[in-house]
Amino acid sequence: MNLDHLADFRRTHRCGDLRREHAGQVVRLCGWVHRLRDHGGVMFLDLRDRAGLVQVIFRPGEGADHPSERARRLGSEFVIAVEGTCVPRPDSMVNLQMPTGTVEVEATGLSVLNDSQTPPFVLEEAPSAGEDLRLEYRYLDLRRPELATVLGMRHRVAQVVRSHLDGQGFWEIETPMLVRPTPEGARDYLVPSRVHPGSFYALPQSPQLYKQLLMVSGMDRYYQLARCLRDEDLRADRQPEHTQIDIEMSFIGEEEVFALIEGLMREVFGRVLSAELAVPFPRMVYRESMDRYGSDKPDLRFDFALTDAADAVRDSGFKVFDETLAAGGSVMLLRWPGGAAFSRKEQDELEDLAKRYGAKGLARTKVTSAGLDGGPAKFLSAAVQQRLVEAAGAAEGDLLCLVADRRDIACRSLGALRSRLGQEWLKGHPDAAKSWRFLWITEFPLFEQDPQTGVLSPAHHLFTMPMEEDLPFLASDPARVRGRLYDLVLNGSELGSGSIRIHRRDIQEAVMQVVGITGEDAERRFGFLLKAFQYGAPPHGGLALGLDRIIMLMAGRSSLRDTIAFPKTTSASSLVDGCPAPVAAEDLRDLKLRVDAGM
RNA sequence: GGGGUCGUAGUUCAGUUGGUCAGAACGCUGGCCUGUCAAGCCAGAGGCCGCGGGUUCAAGUCCCGUCGACCCCGCCA
């Protein structure tokens, strides 16, 4: 195959942009050969670029150099330049499946700019190969409009975020990528220092401490599209590298943060998806969210809620319930409309799910015209059955799922069930599935308590301001202290979280005392921030939104990997470049590091 | 750290209780074909059944280990 030079050929349009209005124009296009349909005489070629596909038609002609003869020798993914006339398709030939389907390009010239190996998988609209292979050849997978479009959306969102925040008086300020390792929170990615052997930088888990320093600096309103790195185990919605829309403001309280973010989301969804969001977003306190939905990020697209069944089943004589309640536990109930139709196998799968969240079992019983049927029903009197049905507001044909356990386990395991069943429900309710249900969750506990050891640790981070009314309990009953914390939730996903920060040294010291950090510890770990706070720290607060997750939801994808140009696998490997990778012995020597081969 | 699913032509997969099980489709190569758009028709090439060990007369199939991908629990302030 003889290759041509681009020379002074310059394209006039992108393939995917051609429309009826371009009919009659001479166009020059560049792109990749998506597919060839050779009819012996006339020949069709789908040409692809970032913007999409357009059909190019070659009419037969004489001579080996004629465009149609040269086109015959093309292969998949060859890079070509085409000159031709954009013409309307005959009515019967219009293809409404493609955006460019009302026109086609009558080719008058063809240059072959590069050839291509046969790709390892066919580039179709739907993925035609396993994800690992597509990740190894990510640059090919990204040629598929399905994925290219997501990156385009990501770009649009980033632009809207920047322009909106600029309009609100925010400055975009970069913070370091090589930062001080922190013992708190997620595991750090460590970077050894060559100049200081034995000392390490960390890659930032978030710009948290730096953005607070910027508030002390008087920057007032800061934002950044910040890369954040955490060396923790991954999930479909968790990558070791992700991007946060990181925001911090001075002289504000919760209301300013909520209003800002609501305006930002409205702008983003409006400009990028033409979706009109209703503001303000509803709010719910953490306690209610856990009680009603068994989750701190409930999906409100479906409204089924948990019920506390303790009163209904008290002294029922059913040992599991009675003993749990006597021990201070809870009996929680999830009603599933129409769930009586679930097979035994489906019910057992629900129980397995509940067990994964720590439940010892899942009691299931069907609501029939004659009372409850199955599971614990035979141990329950008619009166108790009646009370259960009433408490749940259940109707014939419903399935009642009950968990008797420690309250958090009962709620969380039924919350997982609710979430699973809700996904099924959404399949039958496309309008609900397509809705955007934003929600603020507020009043999180300031501390988390290890159920085994009883040890308290910060639920968000050490610098979160306790709620004013709970300050008196900081010393006496810290576990009940709520923080000025808030999460933004969308359709069951946590989009971001933030808080109003502590700017007063006395409160800071009291909080550190609760989690057992001595003055000496504090000095060593983040003395630099505490020192800064002594020089006139303004009241401040903010939050960070997960850009990747926002894009994932907006694009309707189920994996974060689809929103990132070069993502990592579940084991934090990059298949396209094969990292992480061993390094040469001399590189380790420079760093005064030795690898323990026995591991 | 733990649980689950998967690994067979380039790709997606089928392969029953261990015994013609090396198969299909798509892709690829060659030929035919002047309106297709997942073009069509004919022919052909293409296999370390992830890797290592074991059980057995016999292993793609059963067992153990290992590597990798995916999903989940723990973890991720």
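Each number in the numbering used here corresponds to the 1-based position in the first sequence with 843 added. Backbone N, C-alpha and C fix where the C-beta goes; we use that ideal spot for every residue, glycine too.
CA-to-CA distance, residue j to residue i, given in whole angstroms
| i | j | result |
| --- | --- | --- |
| Asp1241 | Leu1264 | 13 angstroms |
| Ser1173 | Leu1243 | 16 angstroms |
| Ala1428 | Val1034 | 17 angstroms |
| Tyr1044 | Thr1025 | 10 angstroms |
| Pro963 | Asp1420 | 17 angstroms |
| Ala1183 | Thr1208 | 8 angstroms |
| Val1298 | Glu979 | 44 angstroms |
| Met1442 | Leu1107 | At Met1442 the pLDDT is 46, less than 50, meaning the model places this residue with poor confidence and gives no usable figure here. |
| Glu1337 | Ser1138 | 11 angstroms |
| Asp1274 | Thr1018 | 42 angstroms |
| Val1426 | Asp1439 | 14 angstroms |
| Glu1075 | Ala1121 | 36 angstroms |
| Gly874 | Ile923 | 6 angstroms |
| Glu1091 | Pro1382 | 11 angstroms |
| Arg1199 | Arg1255 | 10 angstroms |
| Arg1178 | Phe1376 | 51 angstroms |
| Thr961 | Gly895 | 21 angstroms |
| Leu849 | Val955 | 9 angstroms |
Residue i and residue j closer than 8 angstroms at C-beta
| i | j | result |
| --- | --- | --- |
| Gly1339 | Ala1387 | yes |
| Gly1389 | His1085 | yes |
| Ile1016 | Met1062 | yes |
| Arg1126 | Trp1279 | no |
| Leu1434 | Pro1040 | yes |
| Arg857 | Arg893 | yes |
| Ile1407 | Gln1082 | yes |
| Gly1384 | Gly1326 | no |
| His1007 | Glu1110 | yes |
| Tyr1129 | Thr943 | no |
| Ala1322 | Phe1290 | yes |
| Thr1307 | Ile1350 | no |
| Ser1262 | Gly1335 | yes |
| Ser919 | Ser959 | yes |
| Tyr1032 | Leu1052 | no |
| Asp1165 | Ser1159 | yes |
| Leu1149 | Leu1176 | yes |
Simplified DSSP assignment, three categories, for residue i
| i | result |
| --- | --- |
| Thr1285 | strand |
| Asp1405 | helix |
| Ala1415 | coil |
| Arg857 | coil |
| Leu865 | It should be pointed out that residue 865 corresponds to His in this sequence rather than to Leu. His865: helix per DSSP, three-state reduction. |
| Val946 | strand |
| Arg1073 | coil |
| Gln1351 | helix |
| Glu1363 | helix |
| Lys1209 | strand |
| Trp1268 | helix |
| Val1232 | helix |
| Arg902 | coil |
| Pro970 | coil |
| Glu1200 | In the sequence under discussion, the amino acid at residue 1200 is Tyr, which differs from the Glu named in the question. Three-state DSSP puts Tyr1200 in coil, outside helix and strand. |
| Phe1369 | helix |
| Ser1319 | helix |
| Asp1191 | helix |
| Glu920 | coil |
| Ser1262 | helix |
| Leu1436 | coil |
Best match in the options for proximity to residue i [C-alpha to C-alpha]
| i | options | result |
| --- | --- | --- |
| Glu968 | Val1358, Thr992, Val1059 and Phe887 | Thr992 |
| Leu1072 | Gln1055, Ser1049 and Ala1079 | Ser1049 |
| Ser1036 | Leu1021, Pro1047 and Ala866 | Leu1021 |
| Asp1248 | Arg854, Ala1153, Pro1382 and Ala1365 | Ala1153 |
| Leu1333 | Gly995, Glu1105, Gly1236 and Leu990 | Glu1105 |
| Ala1253 | Pro1410, Lys1162 and Met1133 | Met1133 |
| Met996 | Ala1415, Met1395, Thr1412 and Thr1413 | Met1395 |
| Leu1436 | Ser1042, His882 and Val965 | Ser1042 |
| Pro1452 | Phe1101, Leu1257, Asp1216 and Glu949 | The structure shown does not extend to residue 1452, since the chain is modelled only from 844 through 1442, so no value can be given for it. |
| Gln1011 | Tyr1065, Leu985 and Ser1402 | Tyr1065 |
| Thr1211 | Gly1379, Leu1231, Glu1363 and Lys1203 | Leu1231 |
| Leu846 | Ser971, Ser935, Phe921 and Leu861 | Phe921 |
| Val1000 | Ala1415, Met1058, Ala1398 and Glu949 | Ala1398 |
Check: Counting only runs that start and end within the region 989-1029, where is the alpha helix (DSSP H) found for 4 or more residues in a row?
Finding: none
Next item on the list: Can you check the region 1122-1172 for any beta strand (DSSP E) of at least 3 residues that lies completely inside it and give the ranges in chain order?
Entry: 1126-1128 and 1149-1151
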